[in-house]
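Participant: Have a look at the structure that comes next, please.
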Amino acid sequence: MKKGKKYLEAAKLVDKSVKYAGLEAAELAKKTSVAKFDATVEVAFRLNLDPRKADQNLRGAISLPHGTGKTVRVIVIAKSEKAKEALAAGADFAGDVELIEKINKGWFDFDVMVATPDMMAQLGKLGRVLGPKGLMPNPKTGTVTLDVAKAVQEIKAGKIEYRTDKVGNIHAPIGKVSFDAAKLHENMLTLYAQLVRIKPATVKGTYIKNITVSTTMGPGIHVDESNIRK
């Protein structure tokens, strides 16, 4: 795929033979953004994992200290009182059977779904459409819960989900180009610390093989894990 002139100019600012310190990588990501909009900044971790092994198929959620800068549309599948709690906490949509039927007919105007445990059996019939889109609520990510108000507030404040892809990588947004580099850096460190904390005991050799920061349509910037905190 042919790269545009702006991309090629931005790429000149990145030395592919160098691994940058964490804050420096965040600063460089801001400088190399070529999008005309407020692009998303993402970090990707190449991990020494085999997702076919249950203990190495990492999945979870974490609240970033500075959020992601993205407006997240949250839907809550819950019965009357819990649905009211969710709406009061800032959910965009809340309800039970009617919402499930609406989704079943092809409506997907939301980014994250939260559900109470008693609704999971009914949501099961939507597994084939919600699963591939990564929208099925899961206890591991805190999206199956009775405390729907807390879940909605955390998601709206910048809680993100992470999970290994089929080759063992994890990538997640850490903010927008408009963020201060220090805030991007802190968000990056928060996810990094979480991945270190949940390292599977069965992993042999180097756990984190590579860390890359990039923006939407921008070049990748390699991060030096030994200097990621700097």
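The numbering used here puts the first residue of the sequence shown at 29, with every later residue one more than the last. Ideal Cβ placement from N, Cα and C applies to all residues, glycine included. Keep in mind the model is a prediction, meaning the values are calculated, not measured.
1) Could you check what DSSP says for Pro165 in three-state terms: helix, strand or coil?
2) Applying the criterion that 16 or more other CB atoms from any shown protein chain within 10 Å of the CB defines a buried residue, is Asn215 buried or exposed?
3) So is Val46 buried or exposed if we call it buried at 16+ other beta carbons inside 10 Å?
4) Measuring alpha carbon to alpha carbon, tell me which residue in Ser108, Gly32, Lys204 is nearest Gly186.
5) Taking only three categories from DSSP, how would you classify His213?
6) Considering only residues of the same chain and omitting the five flanking positions on each side of Ala63, which have a CB-CB separation below 6 Å?
7) Who are Ser91's beta bridge partners in DSSP?
8) Classify Pro145 as helix, strand or coil using the three-state DSSP reduction.
9) Taking 8 Å as the threshold, find out whether the stretch 122-135 comes into contact with the stretch 228-247 through three or more Cβ pairs.
10) Just the C-alpha distance for Lys112 and Lys178, rounded to the nearest angstrom, thanks.
11) How about Lys40: is its Cβ closer than 8 Å to a heavy atom in the ligand HEM?
12) Just to confirm the assignment, what range does the alpha helix (DSSP H) spanning Gly155 have?
13) Between Lys58 and Glu126, what straight-line distance do the alpha-carbon atoms span, to the nearest angstrom?
14) If we call anything under 9 Å between Cβ atoms a contact, is Asp146 one with Val102?
15) Starting from the Cα of Lys153, find the closest Cα among Val142, Ile128, Lys110, Gly196 and give me that residue.
16) Helix, strand or coil for Ile249 per DSSP?
17) Grab me the residues of Gly118's own chain with a C-beta within less than 6 Å of its C-beta, minus the 5 sequence neighbours each way, in chain order.
18) Smallest Cα separation from Ala210: which of Ile202, Lys33, Leu51, Arg225?
Facilitator: Judging by the given coordinates:
1) Mapped onto the sequence shown, residue 165 falls at position 137. The answer is coil: DSSP assigns Pro165 none of H, G, I, E or B.
2) Within the sequence shown, the letter at position 187 stands for residue 215. It counts as buried.
3) Looking up residue 46 in the sequence shown gives position 18. Counting Cβ neighbours within 10 Å, Val46 comes out exposed, since fewer than 16 surround it.
4) Sequence index remark: in the sequence shown, residue 186 carries index 158 (1-based). Ranked by Cα distance from Gly186, the options Ser108, Gly32, Lys204 are led by Lys204.
5) Residue mapping note: residue 213 aligns to position 185 of the sequence shown, counting from 1. DSSP places His213 in helix when its eight states are reduced to three.
6) What you label residue 63 is simply residue 35 of the sequence shown in a count that begins at 1. In chain order, Thr244, Met245 place their CB closer than 6 Å to the CB of Ala63, counting only its own chain and leaving out the 5 sequence neighbours on each side.
7) Looking up residue 91 in the sequence shown gives position 63. Bridge partners of Ser91: Lys187.
8) The residue given as residue 145 occupies position 117 in the sequence shown. Here Pro145 sits in helix by DSSP.
9) no
10) Numbered from 1 along the sequence shown, position 84 holds the residue referred to as residue 112. Numbered from 1 along the sequence shown, position 150 holds the residue referred to as residue 178. Roughly 13 Å between the two C-alpha positions.
11) The ligand content of the structure shown is nil, which means the ligand HEM is not present either.
12) As a first step, residue 155 must be located in the sequence shown, where it is residue number 127. Segment 155-158, the alpha helix (DSSP H) holding Gly155.
13) Translated into positions along the sequence shown, residue 58 becomes position 30. Translated into positions along the sequence shown, residue 126 becomes position 98. Rounded to whole angstroms, Lys58 to Glu126 spans 44 Å at the Cα level.
14) Numbered from 1 along the sequence shown, position 118 holds the residue referred to as residue 146. Numbered from 1 along the sequence shown, position 74 holds the residue referred to as residue 102. No, Cβ-Cβ distance for Asp146 and Val102 is not below 9 Å.
15) Translated into positions along the sequence shown, residue 153 becomes position 125. Relative to Lys153, the option among Val142, Ile128, Lys110, Gly196 whose CA is nearest is Ile128.
16) For the purposes of this step, residue 249 is identified with residue 221 of the sequence shown, where counting begins at 1. Residue state for Ile249 is assigned as strand, using DSSP reduced to three classes.
17) Within the sequence shown, residue 118 is the residue found at index 90, counting from 1. Contacts found: Val180, Lys184.
18) The residue labelled residue 210 in the question sits at position 182 within the sequence shown. For Ala210, the nearest C-alpha among the options comes from Leu51.
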